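So in my numbering, the last spot in the sequence shown is 321, and the numbers never skip.
First up is the structure itself, then whatever we jot down about it.
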Amino acid sequence: MDEPAQRAVRAVVPGRKAQPAPGLLVDRPFPGPEVDFVDPWLMLDHFGPERIAPGESGGLNPHPHRGFETVTLILEGAMEHQDSSGGRGLIEPGGVQWMTAASGIVHAEYRAPDLVRRGGTLHGVQLWLNLPRARKMDPPGYQDLPATRIPVVESPGARVRVIAGRHAGVQGPARSFTPVTLLHVMLDAGGSAALRLPEGHNALVYVVEGAAQVQARDVPARAMALFDGRGEAVALGAGQPAQLLVLAGEPIGEPVVSWGPFVMNSREEILQARDDYLAGRMGSLDTAV
Ligand code: MN
Numbered sequence: 033m034d035e036p037a038q039r040a041v042r043a044v045v046p047g048r049k050a051q052p053a054p055g056l057l058v059d060r061p062f063p064g065p066e067v068d069f070v071d072p073w074l075m076l077d078h079f080g081p082e083r084i085a086p087g088e089s090g091g092l093n094p095h096p097h098r099g100f101e102t103v104t105l106i107l108e109g110a111m112e113h114q115d116s117s118g119g120r121g122l123i124e125p126g127g128v129q130w131m132t133a134a135s136g137i138v139h140a141e142y143r144a145p146d147l148v149r150r151g152g153t154l155h156g157v158q159l160w161l162n163l164p165r166a167r168k169m170d171p172p173g174y175q176d177l178p179a180t181r182i183p184v185v186e187s188p189g190a191r192v193r194v195i196a197g198r199h200a201g202v203q204g205p206a207r208s209f210t211p212v213t214l215l216h217v218m219l220d221a222g223g224s225a226a227l228r229l230p231e232g233h234n235a236l237v238y239v240v241e242g243a244a245q246v247q248a249r250d251v252p253a254r255a256m257a258l259f260d261g262r263g264e265a266v267a268l269g270a271g272q273p274a275q276l277l278v279l280a281g282e283p284i285g286e287p288v289v290s291w292g293p294f295v296m297n298s299r300e301e302i303l304q305a306r307d308d309y310l311a312g313r314m315g316s317l318d319t320a321v
């Protein structure tokens with residue numbers, strides 16, 4: 033049997049400090065000066081691990097989104113979300129909230145009440161995933177994916193949680209509008225994992241914790257390895273315990289025009305989004321931390 037072609041690492045890009053809201057500091061490998069987006073993935077924000085003292089509330093007060101999906105993965109601690117459609121829920125460790133903002137939603141994202149009461153650590157990642165033009169004005173929706181719904185592929189020294197797409201014949205539970213892969217990989221010291229990412233899909237590996245080798249290239253914590261589009265096979269390794277995210281996706285290939293919380297195909301659509309939000313056509317939510 034032919035061996036699949038190897039994927040080459042095109043660049044290693046560090047996360048840059050960014051502050052998407054007052055009091056919220058993240059590491060952001062993209063968008064940034066080196067890489068604008070990795071079509072269809074628009075953003076990777078890594079927050080924490082942050083120590084939270086008892087009584088220290090925080091988070092993002094109500095704000096809108098239109099034209100894409102937000103994917104929030106909680107690694108430690110918990111977040112609560114509330115939205116203009118009456119939705120409300122908790123994202124707990126290992127869990128993922130996959131929110132399709134599409135035509136528009138107003139939501140708030142807070143430290144969970146229990147975390148605020150007792151204090152603790154909050155650690156997670158939020159990804160923005162673009163929608164194709166034909167889906168940007170669909171009704172909004174959610175997929176709540178607690179850790180128990182996410183399958184784990186175990187091999188010696190490695191555990192791969194399959195959130196979206198396939199790995200080793202296992203399909204992840206998340207539904208997406210275009211083909212994507214999202215894997216959460218945990219490697220023990222000396223552990224390794226072999227992946228196959230679909231030919232032609234854009235792809236990257238982000239190192240959440242520890243340090244890793246991606247195709248034998250060293251990638252430090254809070255940096256990403258960005259791949260060429262050709263080839264399928266990717267080898268991951270770690271000399272120390274490491275936690276990684278693997279993102280891949282079929283490029284949508286449409287114009288991306290973004291302004292704050294809106295990602296559309298044209299400037300006119302951005303202005304329309306702003307008007308619709310200000311006129312209350314994305315709903316409203318009355319809450320604040
Ligand atoms: Mn948001």
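Idealized CB from N, CA, C, for every residue including glycine.
Predicted, not measured: the structure shown is a model, and the values here were computed from it.
{"Query": "I'd like to check one pair, Leu154 with Ala85: are the Cβ atoms closer than 9 Å?", "Result": "no"}
{"Query": "I need the straight-line Cα distance from Ala179 to Pro205, nearest angstrom please.", "Result": "11 Å"}
{"Query": "Excluding sequence positions up to five away, which residues of its chain have a Cβ less than 7 Å from the Cβ of Val58?", "Result": "Ala50, Pro52, Asp77, His78 and Phe79"}
{"Query": "Who are the near neighbours of Arg167 in its chain, counting only those whose CB is closer than 8 Å to its CB and skipping five residues on each side?", "Result": "Ala134 and Phe209"}
{"Query": "Any heavy atom of ligand 1 inside 8 Å of the beta-carbon of Leu57?", "Result": "no"}
{"Query": "Does at least one heavy atom of ligand 1 sit under 8 Å from the Cβ of Leu268?", "Result": "no"}
{"Query": "Have a look at the DSSP bridge pairing and note the partners of Lys224.", "Result": "Correcting the residue identity first, residue 224 is Ser in this sequence and not Lys. Looking at the DSSP assignment, Ser224 forms a beta bridge with Gly269."}
{"Query": "Spatial neighbours of Phe100 within its chain, please: C-beta separation below 7 Å, excluding the five flanking residues on both sides.", "Result": "Leu74, Ala133, Trp160, Leu161, Asn162, Leu163 and Val295"}
{"Query": "Around the C-beta of Ser316, are 16 or more other C-beta atoms found within 10 angstroms, so that it is buried, or is it exposed?", "Result": "exposed"}
{"Query": "Examine ligand 1 and report whether any of its heavy atoms sits within less than 8 Å of the Cβ of Pro293.", "Result": "yes"}
{"Query": "Any heavy atom of ligand 2 inside 8 Å of the beta-carbon of Leu276?", "Result": "Summarising the ligand content, the structure contains ligand 1 and does not contain ligand 2."}
{"Query": "So, is Glu301 buried or exposed, given that buried needs 16 or more other C-beta atoms within 10 angstroms?", "Result": "buried"}
{"Query": "Taking buried to mean at least 16 other C-beta atoms within 10 Å of its own C-beta, is Thr213 buried or exposed?", "Result": "buried"}
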